[in-house]
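According to our numbering, the residues represented by the sequence shown are 10 to 530, in order. For each residue, glycine too, the CB sits at the ideal point set by N, CA and C. Note that the structure is predicted; figures quoted are calculated from it, not measured.
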Amino acid sequence: MDTATSSRPRVSSPVLVSELMSAPVVTARPGQTLASSADAMVLAGVGSVVVVGDPGLPVGILTERDLVRAAAAGADARMATVGEWMTAAPDVVAPSVSIDVALDTMARRGYRHIPVVDGAELVGIVSMRDLMKVASIRPVGEAAIDTPRGLKGVVVTETAIGDVRGSEGFFHYRQYSAVELARVRTLEDVWVLLFDGALPDADGRASFDAEVRPRRELSADLAPLLREVADHAAGEGPLDGLRTMLSAVAAAEQFQPSYDLDAPALRRDALRLAAVTPTVVAALHRLGRGLEPIAPRADLGHAANYLWMIHGVEPTPEVARAIEQYLMLTVDHGFNASTFTARVIASTGADVGAAVVGAIGALSGPLHGGAPSRALDLLDAIGTPDRAHDWIRDAVVRGERIMGFGHAVYKTDDPRSTMLRDVAVGLGGPRSDFAVEVEHLIVATLAEVKPGRELYANVEFYAGVVMEAAGLPPELFTPTFAVSRVIGWCANVLEQATDNRIIRPSARYVGPPPPQPVPEV
């Protein structure tokens, strides 16, 4: 046998769309009603219909998500037409292209389904579910699906918690705009929405307050550990200590694996962790400064109580509302690294404490947790308004990274930053006025010096301004983010547990070809 030949990795032929597509295709016409198309989907057991014109080629695609969107908008399915709610002019793929090409197209456009067209004929449709069939087509032992590094653009599951539509500059919690919720509702309302699926009325809000506020207290048995953690984590801020303390809470209160719990019991554990997190953050912060922790107050809302435990002074309604709105805007934001980490851990059946502690570990990384304090560093480096234009121009020309600008998902204004700008301006002060001026100068300078390189302020830019105005020091910025995001992590754990399958992707081995002789000593 030729040794050189046998040691080469196997190269398999690419899987083609024609091998995975579903046919025949369920179709509809633009003038049909949504009700008739919904009936067709149910009868065929499919999640979409391809909308065709003459001579039978796709002019749109209508999915179950479009039906949900129409229902949420109050559309009458018996009267509304397919053409009003479909995604018009969808991309198509040929049956002869590789499944990787189809996957790239779907990821780029945010599709879950894509029509397959051969010349002038609609011959099939391929979906994300179809892609899973690759595992049974490729040789045993090979990775099921080739995906982009970092899983960028890959849909890994379905969720009803919310979504981020980066090209539109829009994100939502369940069926509601997150920004609109932050404008007109409370943090507790959003908490109920994510945990229980619906916004509460006045009685429901009072009932939830009565349920959550007693869970803020940290057990006296953990007080010695709290002090020890604060001593050892001094100078690092409370985020590292938060991991240890929440793990201790879960252990001391004997949280059970989610695999063994029913939904109400798992919800109780999740509620406990989210309720006690601000208490732990505030206590670690005060102990790190040589101050005694302050007990939570049951008469204050979640955000106001957090500020009370930090400062020992009841915040003004304006400051409490500003922090509450910041927390509301950061509760959840798609399948980011920490949320995905929480889902992976939850998928093993571990307890909710393990999932949240793992998520905090992911959040601690500088590429994810962000750095609102670095955005403030930018303002400090510029110094005064009269230096702003020249400083920004020089930085842009040198190609330096501008902290607080740009986002991996948003290709237009970050809606969180847009609202936090209003919050910052509402709080007033020279820092907020300066931040607004700097933002406008950066956007204008980029357009002038580097046309086509569009960067917009992200959530970090104004988050730092708002938190500083509320009296929170920089070392509390990311922990305060965690106070909010733990609610979203827990909501994702609850959802994962309802229809769980362990998350276990594959990897392609690229090391030396095995098996090789083991050298003797």
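**Prompt:** To the nearest angstrom, how far is it from the Cα of Ile369 to the Cα of Val340?
**Reply:** About 14 Å.
**Message:** What does DSSP give as the partner residue(s) for Arg174 in the beta ladder?
**Reply:** Answer is Phe179, bridged to Arg174.
**Request:** Report yes or no: do the region 474-493 and the region 326-342 share at least 3 C-beta pairs separated by less than 8 Å?
**Result:** Enough Cβ pairs lie closer than 8 Å, so yes.
**Asked** Is Gly213 near the ligand FAD, with its Cβ less than 7 Å from a heavy atom?
**Response** The ligand content of the structure shown is nil, which means the ligand FAD is not present either.
**Asked** Along the chain, where does the beta strand (DSSP E) that runs through Ile123 open and close?
**Response** That run of the beta strand (DSSP E) goes 122-127.
**Request:** Determine the direct distance from the alpha carbon of Ile303 to that of Trp498, and round the result to whole angstroms.
**Result:** When rounded, the separation of the alpha-carbon atoms in Trp498 and Ile303 is 26 Å.
**Request:** Have a look at Phe490 and Ala187 and give me their C-alpha separation to the nearest angstrom.
**Result:** Going by the C-alpha atoms only, they are around 16 Å apart.
**Item:** Environment of His311 [buried if 16+ CB atoms lie within 10 Å]
**Value:** With at least 16 other beta carbons inside 10 angstroms of its own, His311 counts as buried.
**Request:** Return yes when the Cβ of Ala472 is within less than 8 Å of the Cβ of Leu429, no when it is not.
**Result:** For Leu429 and Ala472, yes; Cβs fall inside 8 Å.
**Request:** Count the C-beta pairs between the region 287-296 and the region 250-258 that are closer than 8 Å, then say yes if the count reaches three, no if not.
**Result:** Pairwise C-beta distances place the region 287-296 in contact with the region 250-258, as three or more of them are shorter than 8 Å.
**Request:** State the CB to CB distance for the pair Thr114 and Asp127, rounded to an integer number of angstroms; the pair is presumed to be in contact (CB under 8 Å).
**Result:** Separation of the CB atoms of Thr114 and Asp127 is rounded to 16 Å, and the pair is thereby denied contact status at 8 Å.
**Message:** Between the alpha carbons of Ser356 and Gly171, how many angstroms are there, rounded?
**Reply:** Ser356 and Gly171: Cα-Cα distance of roughly 19 Å.
**Cβ-based burial, Gly62 [other Cβ within 10 Å; buried from 16]** = By the beta-carbon neighbour count (other beta carbons within 10 angstroms, threshold 16), Gly62 is exposed.
**Request:** Measure the C-alpha to C-alpha separation of Leu270 and Val258 and round it to an integer number of angstroms.
**Result:** A straight-line Cα-Cα distance of about 18 Å links Leu270 and Val258.
**Message:** I need the DSSP call for Gly62, collapsed to helix, strand or coil.
**Reply:** Residue state for Gly62 is assigned as coil, using DSSP reduced to three classes.
**Prompt:** Which same chain residues, not among the five before or five after Gln525, have their C-beta less than 7 Å away from its C-beta?
**Reply:** Nothing listed; no residue qualifies.
**Message:** Measuring alpha carbon to alpha carbon, tell me which residue in Gly213, Asp395, Asp360 is nearest Ala274.
**Reply:** The option with the nearest alpha carbon to Ala274 is Asp360.
**Prompt:** Given a threshold of 16 other Cβ atoms within 10 Å of its Cβ, counted over all protein chains shown, does Thr12 qualify as buried or as exposed?
**Reply:** Below a pLDDT of 50, predicted positions are generally treated as unreliable, and Thr12, at 37, falls in that range; the measurement from the model is reported next regardless. Thr12 is exposed by the Cβ-count criterion.
**Request:** Identify the continuous alpha helix (DSSP H) that holds Pro394 and give its terminal residues.
**Result:** Element bounds for Pro394: 394-407.
**Prompt:** Going by other Cβ atoms of all chains shown within 10 Å of its Cβ, with 16 needed for buried, is Ala82 buried or exposed?
**Reply:** Classification for Ala82: exposed.
**Item:** Residue nearest to Pro8 in terms of C-alpha spacing, selected from Val91, Ile511, His294
**Value:** Since the displayed the chain opens at 10 and closes at 530, residue 8 lies outside it and no answer follows.
**Request:** Just the C-alpha distance for Gly69 and Ile391, rounded to the nearest angstrom, thanks.
**Result:** Each residue's Cα considered, the two are about 50 Å apart.
**Request:** Sort Val365, His342, Gly358 by Cα distance to Thr350 and report the nearest one.
**Result:** In terms of Cα proximity to Thr350, the closest of Val365, His342, Gly358 is Val365.
**Same chain, Cβ closer than 8 Å to Asp75, neighbours up to 5 away in sequence not counted** = For Asp75, same chain residues with a beta-carbon under 8 Å away, outside a window of 5 residues either side, are Trp94, Met95, Thr96 in chain order.
**Asked** How many Å lie between Gly480 and Arg158 at the Cα?
**Response** The C-alpha of Arg158 is placed about 40 Å away from the C-alpha of Gly480.
**Burial state of Pro488, where buried means 16 or more other Cβ atoms lie within 10 Å** = When all chains shown are included, Pro488 counts as buried.
**Prompt:** Would a C-beta distance cut-off of 8 Å place Ala283 and Val495 closer than the cut-off?
**Reply:** Yes; because the gap between Cβ atoms is below 8 Å, this pair is in contact.
**Prompt:** Three or more C-beta pairs closer than 8 Å, one from the region 321-328 and one from the region 213-227: is that the case here?
**Reply:** In short, these stretches do not touch, since the Cβ pair count stays below three.
**Prompt:** Can you tell me whether DSSP reads Ala53 as helix, strand or coil?
**Reply:** Ala53 falls in the helix class under three-state DSSP.
**Asked** What number of angstroms, rounded off, separates the C-alpha of Val60 from the C-alpha of Glu73?
**Response** Distance between the alpha carbons of Val60 and Glu73 is about 14 Å.
**Prompt:** Just to confirm, are Ala86 and Leu29 a CB contact at a threshold of 8 Å?
**Reply:** When the beta-carbon positions are compared, Ala86 and Leu29 stay at least 8 Å from each other.
**Item:** Whole-Å CB distance - Ala211 paired with Leu296, under 8 Å assumed
**Value:** At roughly 38 Å, the Cβ-Cβ gap does not stay under 8 Å, so Ala211 and Leu296 are not in contact.
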